[in-house]
DNA sequence: CCACGGTACTTGGCCATACATAGTACTTTT
DNA sequence: AAAAGTACTATGTATGGCCAAGTACCGTGG
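Residue numbers (the working numbering), protein chains in the order written: chain A, 190 to 300; chain B, 190 to 300.
Spelled out as structure tokens, the structure:
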């Protein structure tokens, strides 16, 4: 029970939401996502991102195609499936509710 | 990988934050917290709340005293320790950052 | 005096995910 | 061909939310 753990726990699930969102905006591959997540100060490492993408793909929320790169091995470019879009919608609702609920609790002043 | 799982994952850690916040406002016991959480639509069950309170207590963030009840067994009334207050401050920062980061990502429109 | 229902709290096991770490495969450079 | 760099994969650990069952205590009615 230390701060870091709790911070990690807070991130759980939200990452999935953010990644689906990033992909919803167009074809991207893993390093693109890492860049964007890092820019938003949502620290993520490879070892977290890749397994997550695999899970999402296996769940039918994502699909990808290999595209050749000029500098290095080919890359997997991901896009959302229909199922993925619907899932993202639901997640958006969930997230909004969660933020709202949290605000309801934390905005109350000391009695 | 279904919606419910992700929703559960999203809740992780946030619950801890909310509960610390509720306790920070004054002495409360478990059922009080459940009522407030439920009112905010942050669904929680006993089996989640009690272990969490025990963890927080063992970590030195909370303390409690038994107070007799007129209708039933005595209750544990919780309060925050100094350590708990400091922890809550940090969590507040973390939460605010997380919300901000998420907003940065999800507010971008489709390219 | 004891059985009962309600309230408050406890415990053990399950599962999913973030992370660390190490490893594979392909491409370009030298 | 060897080295360096990029992209992706695999394995094991720890944590926390949840379910479900169980314990303990109180007041009331037979």
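Just so you know, even glycine gets a beta-carbon here, dropped at the ideal spot from N, CA and C.
Check your understanding: Helix, strand or coil for residue 217 (chain A) per DSSP?
Key -> strand
Review point. Any idea what DSSP makes of residue 297 (chain B), helix, strand or coil?
Key: DSSP places residue 297 (chain B) in coil when its eight states are reduced to three.
Exercise for review: Could you tell me which of A:214, A:221, A:192 and A:233 sits nearest to residue 203 (chain A), measuring between CA atoms?
Suggested key: For the options A:214, A:221, A:192 and A:233, the alpha carbon positioned closest to that of residue 203 (chain A) is the one of A:233.
Check your understanding: Going along the chain, which residues of the region 217-228 of chain B sit with their C-beta nearer than 9 Å to a C-beta in chain A?
Key -> 225, 226 and 228
Exercise for review: Could you tell me whether any Cβ in chain A is nearer than 8 Å to the Cβ of residue 272 (chain B)?
Suggested key: no
**Study point:** Closest by C-alpha distance to residue 269 (chain A), when choosing among A:298, A:215 and A:194
**Key:** A:215
Check your understanding: Does the separation of the CB atoms of residue 283 (chain A) and residue 196 (chain B) fall below 8 Å?
Key -> yes
Review point. If you measure from the beta carbon of residue 265 (chain B) to each beta carbon in chain A, is any gap under 8 Å?
Key: No, residue 265 (chain B) lies away from the interface with chain A (no Cβ there is under 8 Å from its Cβ).
Review point. Nearest-angstrom Cα distance between residue 206 (chain A) and residue 276 (chain A)?
Key: 9 Å
Review point. With 16 as the cutoff for other CB atoms within 10 Å, does residue 239 (chain B) come out buried or exposed?
Key: exposed
Review point. For residue 268 (chain B), which residues in chain A fall below 9 Å Cβ to Cβ?
Key: Counting only Cβ-Cβ distances below 9 Å, residue 268 (chain B) has no contacts in chain A at all, with the closest Cβ about 12 Å away.
Exercise for review: Given a cut-off of 8 Å, decide if residue 250 (chain A) and residue 279 (chain A) are closer than it, judged by their beta-carbon atoms.
Suggested key: Here residue 279 (chain A) is not near residue 250 (chain A), since their CB atoms are 8 Å or more apart.
Practice item. For residue 235 (chain A), count neighbouring C-beta atoms within 10 Å of its own C-beta (all shown protein chains included) and say buried if the count is 16 or more, exposed if not. Key: exposed
Review point. Is it right to say residue 212 (chain A) is buried, meaning 16 or more other beta carbons lie within 10 angstroms of its own, or is it exposed?
Key: Result: buried.
Check your understanding: Is it true that the CB of residue 294 (chain A) sits closer than 8 Å to the CB of residue 241 (chain A)?
Key -> Cβ atoms of residue 241 (chain A) and residue 294 (chain A): not closer than 8 Å.
**Study point:** Beta-carbon proximity list for residue 222 (chain B), same chain, < 7 Å, skipping 5 on both sides
**Key:** 208, 211 and 238
Review point. Residue 259 (chain B) touches chain A at which residues, Cβ-Cβ below 7 Å?
Key: Residues of chain A whose Cβ lies closer than 7 Å to the Cβ of residue 259 (chain B) do not exist; the shortest such Cβ separation is about 21 Å.
Review point. Just the Cα atoms here: how many angstroms apart are residue 243 (chain A) and residue 255 (chain A)?
Key: Their backbone Cα atoms lie some 14 Å apart in a straight line.
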